[in-house]
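For the sequence shown, the numbering used here begins at 2 and goes up steadily by one. In what follows, a single structure is set out as structure tokens and then discussed.
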Amino acid sequence: MRDSANLLASLAPGALFAVALLVVSSQPRFSWLAEPLRYPWELWVIALAGTTATVAGVADWRYHRVAQLRVGPNEHRAEFLALAGGGFPLFLLMCAASVAHRPLVFLLPVLVLLMGTVVLICYDEFVFHRRRCDRWESLLHRTLLLGHATAFLAWAHFCFVREHLHG
């Protein structure tokens, strides 16, 4: 059950992002979402990097099942805290900033949550994964983190540099 919770927590942002795009596409200032040729480059980077991160996360989850790797309760708690306690609230703030008329109001809270999430991820990686992971699992973790970081940077550029899109 707890393994499924981590898998669901890692899949939630991508699924919720797609749903959120559908919801806001009906608003006049986001009408460009109906025309993929008008998508800004940041949206394509978010889609590609986010998908890459999600695939790496699912592959890592699957690798644990196939290789019968046991994740201890402390490691599970650390991972779940990073996903649900850091990543999910960060995702919600990013959603709010994305549709806000003044997204800069969200910059400081987003950065604070981002730093907290990074600390939780580093704790998980350095305490539990440093010695236990083989090359393949380390590659999956790095791919997941690089994908999320790239998607975040593309989103930050979209949200805070392209302010004219916010109306």
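Every residue gets a Cβ at the ideal spot worked out from N, C-alpha and C, and that includes glycine. Computed from a predicted model, the values in this text were never measured in an experiment.
Report the rounded CA-to-CA distance for Arg39 versus Pro74, giving the unit in angstroms. 46 Å
Would you mind sorting Met116 into buried or exposed? The rule is 16 or more other CB atoms within 10 Å of its CB. exposed
Taking DSSP as the reference, what is the three-state secondary structure of Ala68? coil
On a CA-only basis, which of Phe31, Phe92 and Cys123 is nearest Glu76? Give me that one, please. Cys123
Around the C-beta of Pro104, are 16 or more other C-beta atoms found within 10 angstroms, so that it is buried, or is it exposed? buried
Verify whether the separation of the beta carbon atoms of Leu141 and Asp61 is less than 7 Å. yes
Could you tell me if Pro37 is buried or exposed, where buried requires 16 or more neighbouring beta carbons within 10 angstroms of its beta carbon? In summary, Pro37 is exposed, with fewer than 16 beta-carbon neighbours lying within 10 Å of its beta-carbon over all protein chains present.
Straight-line gap, Val119 to Leu146 (C-alpha atoms, nearest Å): The alpha-carbon atoms of Val119 and Leu146 are separated by roughly 10 Å.
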